[in-house]
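Enquirer: Residue numbers (the numbering used here): 216 to 371.
(1) State the start and end residues of the unbroken alpha helix (DSSP H) segment that holds residue 366.
(2) Where does residue 300 sit, in a helix, a strand or coil, going by DSSP?
(3) If contacts are defined as beta-carbon pairs under 8 Å, then residue 322 and residue 286 qualify, I think. What distance do you get, rounded to the angstrom?
(4) Please classify residue 273 as buried or exposed, where buried requires at least 16 neighbouring CB atoms within 10 angstroms.
(5) Assuming contact is defined by CB atoms lying nearer than 9 Å, are residue 363 and residue 349 in contact in what I supplied?
(6) From the DSSP output, in three-state form, read off residue 330 for me.
(7) Can you tell which of 360, 236 and 246 has its C-alpha closest to the C-alpha of residue 307?
(8) In angstroms with no decimal places, state the Cα-to-Cα distance between residue 298 and residue 289.
(9) Could you tell me the distance, in whole angstroms, from the CA atom of residue 331 to the CA atom of residue 340?
(10) Quick one: what's residue 275 bridged to in DSSP?
(11) Between the C-alpha atoms of residue 317 and residue 237, what's the straight-line distance to the nearest angstrom?
(12) Report the CB separation of residue 355 from residue 268 in whole angstroms; it is logged as a contact under 8 Å.
(13) Per DSSP, which residues does residue 269 bridge with? Please list them.
(14) Using a Cβ-Cβ cut-off of 6 Å (strictly less than) and excluding sequence neighbours within five positions of residue 336, which residues of its own chain qualify?
(15) Would you mind working out which of 224, 233, 325 and 265 sits nearest residue 353, comparing C-alpha positions?
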């Protein structure tokens, strides 16, 4: 659990950080009571980044917004789930390979999820997936590796 704003140092660097872009994003790996992670299917439209691929809920950090505020807002907008400050823990930071080379800060949490409580606010779908399923789905790079790292080193 974090207290106060999540500091960049709290996120373990993951992958190549030699050329990060200027765009900052926040995302969340949310594991349910059955050991599955919540994934979002992105809309299949040419005007968005990574159309038709699966990813973890998240998005851009707005001007003046803290990382944790951004991820809590994005989770609510995209899934209907509400998180309180301190409920998500910093995990890793990655540079995405899409056109913006986004500096993405990934939080994680474990919580009971009733699929009936999920609401698709953005994207084409939501799914609770096992590690094996995530490895077979078309996932936004490098999130497949991030999810694998989560399962290899689950939170305490």
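Ideal Cβ placement from N, Cα and C applies to all residues, glycine included.
Expert: According to the structure shown:
(1) If you look at residue 366, you'll find it in the alpha helix (DSSP H) that goes 358–367.
(2) Three-state DSSP puts residue 300 in coil, outside helix and strand.
(3) With a beta-carbon spacing of about 5 Å, residue 322 and residue 286 fall inside the 8 Å limit used to define contacts.
(4) Counting of Cβ neighbours within 10 angstroms places residue 273 among the buried residues, the total reaching 16 or more.
(5) Contact flag set, yes.
(6) In the three-state reduction of the DSSP assignment, residue 330 falls in the helix class, which pools H, G and I.
(7) Considering only alpha carbons, the answer is 360.
(8) Residue 298 and residue 289: Cα-Cα distance of roughly 10 Å.
(9) Going by the C-alpha atoms only, they are around 13 Å apart.
(10) DSSP, once it has assigned bridges, lists 240 as partnering residue 275.
(11) Each residue's alpha carbon lies about 7 Å from the other.
(12) Residue 355 to residue 268, Cβ: 5 Å. Contact.
(13) According to DSSP, residue pairing for residue 269 in a beta bridge involves 256 and 354.
(14) Answer for residue 336: 292 and 293, listed in chain order.
(15) In this structure, 265 is the residue among 224, 233, 325 and 265 with its C-alpha nearest to the C-alpha of residue 353.
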